[in-house]
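Per the numbering used here, the very first residue in the sequence shown carries number 147; after that it's consecutive. We treat Cβ as the ideally placed atom computed from N, Cα and C, and that holds for glycine. The structure presented is a predicted model; accordingly, all values stated were derived computationally and were not measured.
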Amino acid sequence: MVKPRIKTKAAEITEKQTQTNKKNIITFILILIILYIIFSIANNIYNSKTLATNDKVNVDGLEVSFKTNKDKYNIREKVIIYLTIKNTTSSKKEIKFNSQDIAYLTVLKPVNLGLTKFYITVWTNKPNDEPVNKPYSITLKPFEKMTFPMVWDQVDMNGQPVNEGSYKFKVELNTIKKINLQK
């Protein structure tokens, strides 16, 4: 009669370990889901602040804006972006740039992960290293505006055509005081 008791206790221990393992796995999965939701919310808040659609800003009496030449493009069609700087004051305004590159364009592709969206850089004309500082300036008369075209050939950094889809544009003026625009 002693032997059956030992077998019963061994079976009970094995069953308890299986139940404990199942609980641990369920707890682990729930923690992963909760962390995913928390990080998704944090990422969405970050994206809404850093990548908010802001294709026009007013800084120190200057209105800086950009727009594309149209809303939809065919594949491999050149995307033309017009950067406009307007003096909104009744006096001359000098704008000092770090070099003759007035602005840098970055193209971002959204990657949708269900509850959240990340953006990856597809193409940019911004140099990896800080360029040698060769000051350049333009002067705008009162209420004068200048427009600078920028072109993206719908290719990635390796020169390969990009896939069909939506893209976000970020324009960064190459001035001492950073001015960023996004659309």
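Reduced DSSP secondary structure (H/G/I, E/B, other) of residue i
i	result
residue 264	strand
residue 227	strand
residue 186	helix
residue 326	strand
residue 318	strand
residue 167	helix
residue 221	coil
residue 276	coil
residue 216	coil
residue 287	coil
residue 162	helix
Residue i to residue j span [Cα, whole Å]
i	j	result
residue 281	residue 246	8 Å
residue 214	residue 297	10 Å
residue 175	residue 264	23 Å
residue 275	residue 184	35 Å
residue 218	residue 266	21 Å
residue 169	residue 256	37 Å
residue 336	residue 181	Because residue 336 is not part of the residues shown, which for the chain are 147 to 329, the question remains open.
residue 271	residue 234	29 Å
residue 322	residue 308	32 Å
residue 305	residue 225	15 Å
residue 311	residue 261	19 Å
residue 237	residue 288	5 Å
residue 231	residue 209	6 Å
residue 300	residue 223	7 Å
residue 294	residue 326	15 Å
residue 220	residue 227	15 Å
Bridge-paired residues (DSSP) for residue i
i	result
residue 174	Paired residue(s): none; residue 174 is not in a bridge.
residue 292	231
residue 245	DSSP lists no partner for residue 245.
residue 282	243
residue 211	202, 230
residue 270	252
residue 257	264
residue 301	307
Say whether the segment 310-324 touches the segment 237-253, bearing in mind that this needs 3 or more beta-carbon pairs closer than 8 Å, one atom from each stretch.
yes
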